[in-house]
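Residue numbers (the working numbering), protein chains in the order written: chain E, 1 to 269; chain U, 270 to 577; chain Z, 578 to 707; chain P, 708 to 891; chain C, 892 to 1317; chain A, 1318 to 1510; chain R, 1511 to 1712. For glycine and all other residues, C-beta sits at the position ideal for the given N, C-alpha and C.
Structure, rendered in structure tokens:
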């Protein structure tokens, strides 16, 4: 029977001393965590992918709680997660549109591009950059480094020609960073269709024609359309996205372009 | 005119992975001949068994993983052959097949195939069999009388019964032992061929053999019954290991100083196992242990860049 | 190198005070709530580029420093501990244990001074701005 | 301060409660555990000397030695536990020896961590049976080839070290036992 | 260091020819390392031979002279071996051969005067790097050894070798000029032992011309690649190691190519700017290999159109420079730049597919900079650029020795190029 | 002295905590990704394990056994380890804040490291005396460090290897550990010399 | 809490949030004691008992325990129940107790138990916690049984001590060695990953 008294006494003493140590420790290191942060973390996928631009899911959760506006930043989680996050923060969870969308300034496919030689080496754009696998010194290599880097799989490759899915694109700009030829541009998302010039060749018409059948030859037809938001610079046509009010001049210019280098991407596809 | 473009250099040497593997196979010919002479049809069956099961399992895995690489580079066949050479001739066929498949599938393909494996596949195959069928792996037969008389290897005799086998016998290989480990002269011929052809780096065999020599000299002087230098040199898997296992490029350090460390480490460990452990032979385990240290060796022996 | 993200809370010229955010690797750990090692603040003296309050920066302890640090902090004292215990074999267990503890305490006292002197060596390095 | 008191009190109380619980459970099970221990030894002895009915624990220098009696109260022999290093770790063996201490009645491996398939075969009957009626007036010998004398046993092939270790453990213990019993 | 197949046999003995009648010249504004030069003519201008077409823009830049008299057609983008497309002056030639009158009193010129002449003549390092010579000849630290580089370790190329056989006297006088500018204690001529004829001539020259370059000596090195690289050459001749990120003058050395010495001679003594150079045309797709004196800006096409060169067979590969470090071209419209020492036309390409690295470490053994090429390739393949700088990828000189030796045929140099670019970005 | 050497060798190489007793697998899987974290963790484990073993021995033999409270061992051991880790953590934080940032992260992980508790429990079942227990703890930690370092080296290499996707992560680590266990069987029998 | 919810709490531990295969917790004992089926069963049930009872108690006192001593309190409760299991085995199944060796007390540091207390029991009601603990425990148990079966069958040719394999079968000794345990668990994890991948594709 001895131990039935001894045991609680001994353990009680240990527990007591341990508790005192812990209490002292606690006084010294006070940590305050917003309970919402923990809740948000529980909702997040927890892959720490970093696609949101923060250091891991915890970083994102903290940022979201601090500044509720960016609640839809979790890319792998998608809409479902974003709605949950919004619910935790008490924000109205309507479908949030990203403001920017990526476009690719080379729309030439295998048929249009002039390829007079054989490239030998690793099949990535970054590798091809050092020798080039197409005659055009500005165009797309078509190995699809942007496809692999896109966190939402919005970019696809159709016979060496890049397509950005406007619906999926979140405008993170990773493709723009990755592309060795700097072909990607982030443009404002207006309306349901985005028009863009699918050429980046800054040389004169003759040189452009020599290497590509769908390159911009700076003929200026698109500029002459009524209420045109197009302008020419360095032998190349550009769209001033700030000036876009109506879709008609864009559609008209697209139809009139002699080399068919104005392209569009819309939500329906 | 359609030309090819690529980055420099536009001039490349003739050496290829497949050629390296083929050269090692050629270097193994004397060893194979010796094995067939001593262990007759058993040797042939064992080698066929191991090589075929290695190649077939590699083919299957590559098919499953939908890899474009083929088995034509000969690395799987080489692993199978090497495994056969370090197995006892009396091993059951299913054990040899299992070992060969384990070597290729687990030790090589799971780690990403050729070039990515951490451990020498052939040695892992044997280590696995050692753990799976310990009895089978420690039973040896006398040469020329493969079906009847079981015998102890020179190292086991020396360790457990203190009987030293004569060096001449060891040199020609007329002793019980693993298929390809017995005939020292054949291994030396093959090894020298590898070194002359610059297929294998000389640093590892050299440092390994020098280390073992130094240790045996000291121990022989201190305790004469521990076996002479020549005895330790010619018996067991030392030579085969030094020339064919420890020179496997994939699983050994890439830096020059790292290769010396690797060789010395193998030598020390092997002699520790031979002298102190319960096993008579430690070449396999010592090389495998150093294989596991190879990434660390590589990392901490990075050469100083030119000019510093 | 182990890197982590910190936020600058005080900045005046070459010396800044930083506050650590939770380590990214921690958020997926099941014992996330167990460890309080999360938030902490520190001052750093040698700042390679100008920073402002609120900047997020990436800091790290150099590989060599962390190796040296763990040897100094754990490796050597534990070897001392074992040695002292072995030396005082004949004495009672409590005596040798306490003696060993005292020796490490003494060791730490010395090291503490040494570390103070070489404070710069053990400092965190600021890698880049995020 | 209130927080601190809460911390301390909760932990202390939980500890005390836990200790109570444990103390009760332990108290209840103690008898059973103790009898399990003796039962294990007796079971082992029973396998080697089926005739025994009673044991008497001799306390010689803190070692566990049991004197065995049969139903009639005659001494059947002695049982003892021997312990020593094997190939991979400790081997603990129970052996029964005849009253004259010159013949083993048999052995039972209580504990061992030898390599399965090799050293662990010391537990198997074919090996243990060699110890039945083995002469121990002279030290036991472990041979690799065929047995030529009645104090020899054949080692397990490829597990010579485990076999030898076991023999050494027994030899050492038996010689000690002889001295100790002679002293009594 | 490695040994590579030399392929120098046929062109080694071929005396140099001349081709001075191109129809059009395409003169890229970036002929050299550094900032492109600034054009000072406009379309439609008529220019005489040796007139300045473009001026030096900043210190590390170089003048560009008209290789032939003619009419400026345009200043626009044209093919460029490294930049793909680059602004170039296009000149239509109207041949009016110019006679250069030798300069008087060269012996009395002081350092500054000499440097000014060099700066005005558009001379760049002709060994391949094309670094403006007037900058290199004004090192900020004292130089005790001048090394004249005649190694020419790249296979196929034989221009330096031919130059030494044919114009040795002039090369020595060029070297004298350099030593007058930088005042070294020693002048060392370095040659590899695969050029016996040049060695013999050089030995004879040094014996007879002792008064001009009293401290000069000849060092014959065992043939190895890449011994012609500055740092490797300095180590091979003097056993001095140039630390990473430092330049030869940091260890008291200056290395000049023999072709540059010859160009210096022509400028200083003959008042002729750098408008032509000796170029090797070789490779098994050519009927006969040739060493040709050629005007800067001539396109390859012109050489074939005017039947100076003939194809035996269609080439599979066209290389500007040597096979180890040269750039492969996709057609013949590329012009000859100041730094181009040779063009190769090869029949077969190495079509071996890249296979898995077997960690044989042949690349590690081959690397002249003691680097670990296999580690770079491994990381770049997995898009991991974080540790590349720790592994000193920036020290790589892209000599190609590693890729040459690789049994798995991994394009190591290409991976290293990617790694270098992205290591700095991340 | 001989017994101590035997304990040392057998604990580091033969009856290795990870490969033979399967203790500390969780942190082993978690921290073996990078060499330096592995080293930091390993050294911290050596430290805590040795001192925890010493302390537990004292408590068990001098307090619990004498008072007949052996059944409290588990409870007390875990509390002692937790307290010890907390104190060490606090100490390092005071000692050098930058080093605490670099090394302190491993300490909370150690509390739940079964290797530490396992060492104290095995020390009790093996009936070691005080010095043996200290050596046992030290050697156990050393063995753990050895394996975790080797594993970290291998895993850094495997990061670039083309491993089948289903095996990526913990699976390949376990397979590698299995192969290491096969290799370490070569050391068995070293103690019987 | 409705019945439905309790059911989901129970089910998730069996597959979706499986403590061993998904969360990689509790590896040590899994590898160590699965040399035979019977060991697996006893260990699994022991762990289940500990999880369920600690979850129960932790859930009861969850509101009065201050967060600072949470871990210590949990550890104390867990250690208590583990000791009880240990004593129970020792008293009633001495053979099994011996075979399990130090791995019964090591349940204390088995991350599953502490993990459940931390992640679930301290936030949820008593019944939810108990069902959750039961699910986790049984999920753990089935893997132990599977592993134990494979290892016993291949390594000794028996199941539950009865010889199953034909006599020509030469037991694959490696399966009962540590190496076999690691390899087998590695392959099992890969299998789980494969199933998961297939599920995601379809």
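- Remark: three or more beta-carbon pairs, one from each stretch, lie closer than 8 angstroms, so the stretch 1361-1375 of chain A and the stretch 1449-1456 of chain A are flagged as touching.
- Residue 592 (chain Z) is bridged by DSSP to Z:589.
- One Cα belongs to residue 792 (chain P), the other to residue 872 (chain P), and the distance between them is close to 7 angstroms.
- For residue 1226 (chain C), the closest of C:1168, C:1216 and C:1244 by C-alpha to C-alpha distance is C:1168.
- Contact between residue 100 (chain E) and residue 171 (chain E) holds: CB atoms are separated by about 3 angstroms, below the 8 angstroms threshold.
- Fewer than three Cβ pairs drawn from the stretch 508-527 of chain U and the stretch 364-372 of chain U lie within less than 8 angstroms of each other, which leaves the two stretches out of contact.
- Think of a sphere of 9 angstroms around the beta carbon of residue 11 (chain E): the chain A residues whose beta carbon falls inside it are 1386, 1389, 1392, 1393 and 1396, in chain order.
- Restricting attention to alpha helix (DSSP H) runs no shorter than 4 residues, the stretch 302-358 of chain U encloses them at 344-354, ordered along the chain.
- From the beta-carbon of residue 1400 (chain A), the residues of chain E found nearer than 9 angstroms are 14, 17, 18, 21 and 22.
- When the alpha-carbon of residue 36 (chain E) is set against those of E:21, E:180, E:84 and E:240, the nearest one is in E:84.
- DSSP places residue 387 (chain U) outside both helix and strand once states are collapsed to three, so it counts as coil.
- Within a 10 Å sphere around the beta-carbon of residue 679 (chain Z) sit fewer than 16 other beta-carbons, which makes this residue exposed.
- Taking 9 angstroms as the cut-off between beta carbons, none of the residues of the stretch 781-803 of chain P comes near chain R.
- Here residue 1434 (chain A) is near residue 1395 (chain A), since their CB atoms are less than 8 angstroms apart.
- A straight-line Cα-Cα distance of about 52 angstroms links residue 1392 (chain A) and residue 1271 (chain C).
- For residue 1682 (chain R), the neighbours in chain U by C-beta distance under 7 angstroms run, in chain order, 401.
- For residue 1345 (chain A), the enclosing alpha helix (DSSP H) stretches over residues 1342-1348.
- Under a criterion of Cβ atoms nearer than 8 angstroms, no residue of chain P is adjacent to residue 496 (chain U); the nearest Cβ is some 18 angstroms distant.
- Chain A places a beta carbon closer than 8 angstroms to that of residue 561 (chain U), counting this residue as a contact.
- Within 8 angstroms of the CB of residue 596 (chain Z), no CB atom of chain A is found; the nearest one sits about 12 angstroms away.
- When the alpha-carbon of residue 1482 (chain A) is set against those of U:380, U:547, U:299 and U:539, the nearest one is in U:380.
- Cβ-Cβ distances below 6 angstroms link residue 1215 (chain C) to 1045 and 1291 in the same chain, with the five nearest sequence neighbours on each side left out; the list follows chain order.
- Residue 730 (chain P) has a beta carbon lying within less than 8 angstroms of a beta carbon in chain E.
- Between residue 423 (chain U) and residue 307 (chain U), the beta carbon gap of about 14 angstroms keeps them out of contact (Cβ cut-off 8 angstroms).
- By the Cβ test, the stretch 499-518 of chain U is not in contact with the stretch 1460-1474 of chain A, since fewer than three Cβ pairs between them sit closer than 8 angstroms.
- Considering only beta carbons, no part of the stretch 116-143 of chain E lies closer than 7 angstroms to chain P.
- Cβ atoms of residue 1406 (chain A) and residue 644 (chain Z) stay farther apart than 8 angstroms, at about 20 angstroms.
- Under DSSP, residue 976 (chain C) forms a beta bridge with C:970.
- Rounded to whole angstroms, the gap between the alpha carbons of residue 866 (chain P) and residue 324 (chain U) is 34 angstroms.
- Neighbours of residue 571 (chain U) across chain C, judged by C-beta separation under 7 angstroms: 1263.
- In the structure shown, the three-state DSSP call for residue 1270 (chain C) is helix.
- Inter-residue distance for residue 313 (chain U) and residue 354 (chain U) is about 11 angstroms (C-alpha atoms, whole angstroms).
- Beta-bridge partners assigned by DSSP to residue 1182 (chain C): C:1171.
- Those residues of the stretch 840-868 of chain P placed with their C-beta closer than 7 angstroms to a C-beta in chain A are 868, ordered along the chain.
- Neighbours of residue 1590 (chain R) in chain P, taken as residues whose beta carbon is under 7 angstroms from its own, are 725, 728 and 729 in chain order.
- Against chain A, a Cβ distance below 9 angstroms from residue 1634 (chain R) picks out nothing, because the smallest value is about 22 angstroms.
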